[in-house]
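Everything below concerns the one structure shown next.
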Amino acid sequence: MHEMSLALDVCGITERAIGTRSPSLVREVVLDIGDNAGVDPDNFEFCLTALLQSPPFGAAKPVLRRHAGSVLRVAHIEVEECP
Numbered sequence: 001m002h003e004m005s006l007a008l009d010v011c012g013i014t015e016r017a018i019g020t021r022s023p024s025l026v027r028e029v030v031l032d033i034g035d036n037a038g039v040d041p042d043n044f045e046f047c048l049t050a051l052l053q054s055p056p057f058g059a060a061k062p063v064l065r066r067h068a069g070s071v072l073r074v075a076h077i078e079v080e081e082c083p
């Protein structure tokens with residue numbers, strides 16, 4: 001199941017992108033996924049949901065935006081701002 005491996009990579013990318021902020025502040029991870037990316041979108045979303053709602057994250061949700069072609073990338077990470 002390579003979707004789980006990809007989901008783990010997305011979590012790693014997310015942690016690196018937010019730097020010193022706590023992963024529990026991540027609210028949304030937006031991904032662009034192409035129809036020819038070689039990924040089952042439903043399975044990928046399931047894996048991402050399971051990982052992003054577990055520690056160290058906690059409440060983040062994945063948003064998959066479907067596209068033509070073979071694109072697969074993290075497009076945007078929404079992080080709650082600290083007070």
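Yeah, the sequence shown ends on 83 if you go by the numbering used here, and it's all consecutive. Glycine included, each C-beta is placed from N, C-alpha and C at the ideal position.
Within the DSSP secondary-structure output, Leu64 pairs in a beta bridge with Leu31. With distances taken between CA atoms, Ile77 lies nearest to Pro23 out of Pro23, Leu8, Ser70.
Residue pairing of Val74 in beta bridges, as defined by DSSP: Leu31. The beta carbon of Leu64 is closer than 6 Å to those of Leu31, Ile33, Pro41, Glu45 in its chain, skipping five residues each way along the sequence. According to the DSSP assignment, Ser5 belongs to the alpha helix (DSSP H) that extends over 2-18. Taking 8 Å as the cut-off, the Cβ atoms of Pro62 and Leu72 do not count as close. Taken atom to atom, the span from the alpha-carbon of Leu25 to that of His67 is near 28 Å.
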